[in-house]
Amino acid sequence: MRDYKIAAIPGDGIGIEVIDAGLEVLQAVAARDGGFQLTVERFPWGSDHYFETGGMMPDDGLETLKAFNTIYFGSAGDPRLPDHVSLWGLRLAICQPFDQYANVRPARLLPGIEGPLRDVGPDDLDWIIVRENTEGEYAGAGGRVHRGHAEEVGLDVSVFTRGGVERVQRFALELARTRPARHLTLVTKSNAQRHGMVMWDEVFEAIKGDYPEVETDKMLVDAMTTRMVLDPASIDIVVATNLHADVLSDLAAALSGSMGIAPTANLNPEGRFPSMFEPIHGSAFDIMGQGIANPIGAFWTASMMLEHLGEPGAAANLMAAIEQFTAEGTCMPRDLGGTASTRQVTDAVVAILEGRNA
Ligand code: IPM
Ligand code: MG
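Residue numbering for the sequence shown follows numbering that gives the first Met the number 0, starting at 0 and increasing by one per position.
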């Protein structure tokens, strides 16, 4: 039997609740499939770990993670800690060293879910945002000078490398090739940012000819926000920088019904390091510990993880169960207009996977 080793890092806040739910659902998918098993090890890293040890994860954390096929991640963030400390101590501390340069963020109106846009149905909103995930505005370059004085300077320097730009653009072009619409939009801000962003445009011009079957266009990021709202059906795949795609993917999640359903894959496409899968939503301090978080984002994320592991049948079964669940619409969590708890949503999806009525 095929055996996959999964490192689960629930992290902070509702990350813990939704990863627990996601692991139950993953085991139900594996049991239904019968051809593989998942061996899961949990790592209690995150803000509590920080207060106990001074680090969000142990010093040899990356070494430990290398032994796993994939990482299933909840969220990092805690009201007691500045956000940049929790982010750089865990999520970015994994994405960057493991060279997970392609951050894949699908957004789709699932059946039965009504988004905020009028007259927009599932066929009109089916996007994948590809986010550069190792450099750009999140490179961490910069500093503070004259700290605390009136003349203080704060610098955040974006770092774009030709190699880093080309590999993520090629990834997006290849992904576009596999889609029925075969369309890719390059998003930059090369009118105002005249160095790195212009290089993004130039690299794209130089390589897009290698993918003649993919239709392409270009947008400035501000104009892209209006196109997402006003003409969603014209969009298929989008490739953008780390920060631009961060912003666009929150908008995409909201337009597809809720932050609570949106998934992400942080991929090292060459497989030199484990890839990491996480729901987009974050730790959501306001509802943590109440058992009401929407686990659908963690389930969809789990489906992406199965696809990556080479189990497309199981991935499709899980996605179909999620869609049946949303289409039925009888047990929706709060962010989708219902009253169901994390437990109830999880039970309902497991029941679908097991072929029972919830
Ligand atoms: C995301 C999140 C993170 C990011 C936060 C938690 C730092 O917003 O995954 O989109 O900006 O990358
Ligand atoms: Mg974000």
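Ideal placement from N, C-alpha and C gives every residue a C-beta, glycine not left out.
Could you tell me the distance, in whole angstroms, from the CA atom of Gly270 to the CA atom of Glu150?
For the purposes of this step, residue 270 is taken as residue 271 along the sequence shown, with counting starting at 1. For the purposes of this step, residue 150 is taken as residue 151 along the sequence shown, with counting starting at 1. Straight-line Cα distance between these residues: approximately 46 Å.
In three-state terms, what does DSSP make of Ala292?
Start at 1 with the first residue of the sequence shown, and residue 292 comes out as number 293. Three-state DSSP puts Ala292 in coil, outside helix and strand.
Could you pull the start and end residues of the beta strand (DSSP E) that Glu277 belongs to?
What you label residue 277 is simply residue 278 of the sequence shown in a count that begins at 1. For Glu277, the enclosing beta strand (DSSP E) has its first and last residue at Ser274 to Pro278.
Note the first and the last residue of the continuous alpha helix (DSSP H) segment covering Ser46.
Looking up residue 46 in the sequence shown gives position 47. Note, Ser46: alpha helix (DSSP H), Ser46 to Thr52.
Could you check where the alpha helix (DSSP H) with Pro268 kicks off and where it finishes?
On the sequence shown, position 269 is the one that residue 268 refers to. In the DSSP annotation of this structure, Pro268 is not part of any alpha helix (DSSP H), being labelled neither H nor E.
Whole angstroms is fine: what's the gap from Asn190's alpha carbon to Glu62's?
Here residue 190 corresponds to residue number 191 of the sequence shown, with the count starting at 1. Here residue 62 corresponds to residue number 63 of the sequence shown, with the count starting at 1. Cα to Cα, Asn190 sits roughly 42 Å from Glu62.
How far does the beta strand (DSSP E) with Leu219 in it reach, from first residue to last?
The count along the sequence shown starts at 1 and reaches residue 219 at position 220. DSSP places Leu219 inside the beta strand (DSSP E), whose first and last residues are Glu214 to Leu219.
For the beta strand (DSSP E) containing Trp126, list its first residue and its last residue.
The count along the sequence shown starts at 1 and reaches residue 126 at position 127. For Trp126, the enclosing beta strand (DSSP E) has its first and last residue at Asp125 to Glu131.
Element boundaries [alpha helix (DSSP H), containing Ser340]:
Residue mapping note: residue 340 aligns to position 341 of the sequence shown, counting from 1. Ser340 -> no alpha helix (DSSP H), and no H or E assigned at all.
Cα-Cα, which of Leu183, Pro121, Asn102 and Arg146 is closest to Thr133?
What you label residue 133 is simply residue 134 of the sequence shown in a count that begins at 1. Answer by Cα proximity: Asn102.
Ser248: beta carbon under 7 Å from a heavy atom of the ligand MG?
One-based indexing of the sequence shown puts residue 248 at position 249. Using a cutoff of 7 Å, the CB of Ser248 counts as near the ligand MG, since one of the ligand's heavy atoms is closer than that.
Cβ pair count under 8 Å reaching 3, the segment 44 to 52 against the segment 3 to 17:
Because the criterion of three Cβ pairs below 8 Å is met, the segment 44 to 52 and the segment 3 to 17 touch.
Enumerate, from N- to C-terminal direction, the unbroken beta strand (DSSP E) stretches of 3 or more residues contained entirely within the segment 99 to 153.
Listed in chain order, the beta strand (DSSP E) runs fully inside the segment 99 to 153 are 101 to 107, 125 to 131 and 135 to 144, counting runs of at least 3 residues.
With 16 other Cβ atoms within 10 Å as the buried cut-off, status of Ala283:
Here residue 283 corresponds to residue number 284 of the sequence shown, with the count starting at 1. Residue environment analysis places Ala283 among the buried positions, since at least 16 neighbouring C-beta atoms fall within 10 angstroms of its C-beta.
Could you check whether Glu23 and Gly290 sit closer than 8 Å to each other, using their CB atoms as the reference points?
Counting from one through the sequence shown, the residue named residue 290 turns up at place 291. Counting from one through the sequence shown, the residue named residue 23 turns up at place 24. Not closer than 8 Å, so no.
Can you tell me the Cα-Cα spacing of Val152 and Ala140, whole angstroms?
Sequence index remark: in the sequence shown, residue 152 carries index 153 (1-based). Sequence index remark: in the sequence shown, residue 140 carries index 141 (1-based). Within the model, the alpha-carbon separation for Val152 versus Ala140 is close to 14 Å.
Any chance you could list the alpha helix (DSSP H) runs of at least 4 consecutive residues sitting entirely within the segment 174 to 213, in chain order?
At a cut-off of 4 residues, the continuous stretches assigned as alpha helix (DSSP H) that sit fully inside the segment 174 to 213 are 195 to 206.
Tell me whether Leu382 is buried or exposed, calling it buried when 16 or more other Cβ atoms sit within 10 Å of its Cβ.
Residue 382 lies beyond the range of the chain shown here (0 to 357); nothing can be said about it.
Alpha-carbon spacing of Ala252 relative to Met258, whole angstroms
Here the question's residue 252 lines up with position 253 in the sequence shown. Here the question's residue 258 lines up with position 259 in the sequence shown. Cα-Cα distance, rounded: 5 Å.
For Phe97, the first and last residue of its enclosing beta strand (DSSP E)
Here residue 97 refers to the residue found at position 98 of the sequence shown. No beta strand (DSSP E) holds Phe97; DSSP gives it neither H nor E.
Is the segment 291 to 305 touching the segment 325 to 343, taking contact as three or more C-beta pairs under 8 Å?
Enough Cβ pairs lie closer than 8 Å, so yes.
Distance cut-off 7 Å: Asp245 Cβ against heavy atoms of the ligand MG
Against the sequence shown, residue 245 aligns to sequence position 246. A distance criterion of 7 Å places the beta-carbon of Asp245 in contact range of the ligand MG, judged by its closest non-hydrogen atom.
C-alpha gap between Val348 and Pro105, whole angstroms
Within the sequence shown, numbered from 1, the residue matching residue 348 stands at position 349. Within the sequence shown, numbered from 1, the residue matching residue 105 stands at position 106. Cα-Cα distance, rounded: 20 Å.
Between the CA atoms of Asp32 and Gly359 - distance to the nearest angstrom:
Residue 359 lies beyond the stretch modelled for the chain, which goes from 0 to 357, so this question has no answer here.
Any heavy atom of the ligand IPM within a distance shorter than 7 Å of the CB on Ile70?
Locating residue 70 in the sequence shown gives position 71, where the first residue counts as 1. Of the heavy atoms belonging to the ligand IPM, none sits nearer than 7 Å to the Cβ of Ile70.
Alpha carbon of Ala205 to alpha carbon of Gly163, nearest angstrom
Translated into the one-based positions of the sequence shown, residue 205 becomes position 206. Translated into the one-based positions of the sequence shown, residue 163 becomes position 164. Distance between the alpha carbons of Ala205 and Gly163: 15 Å.
Selected residue, minimal CA-CA separation from Gly111, among Met318, Thr345 and Thr329:
Working through the sequence shown from its first residue, we reach residue 111 at position 112. Out of Met318, Thr345 and Thr329, the CA that lies nearest to the CA of Gly111 is found in Thr329.
Closer than 7 Å to a non-hydrogen atom of the ligand IPM - does that hold for the CB of Leu254?
Here the question's residue 254 lines up with position 255 in the sequence shown. No - the ligand IPM has no heavy atom lying nearer than 7 Å to the Cβ of Leu254.
Could you compute how far the alpha carbon of Thr177 sits from the alpha carbon of His307?
In the sequence shown, residue 177 corresponds to position 178, counting from 1. In the sequence shown, residue 307 corresponds to position 308, counting from 1. Going from the Cα of Thr177 to the Cα of His307 covers about 15 Å.
Going straight from the alpha carbon of Ile5 to that of Tyr137, what length do you get?
On the sequence shown, position 6 is the one that residue 5 refers to. On the sequence shown, position 138 is the one that residue 137 refers to. So the two alpha carbons sit approximately 27 Å from each other.
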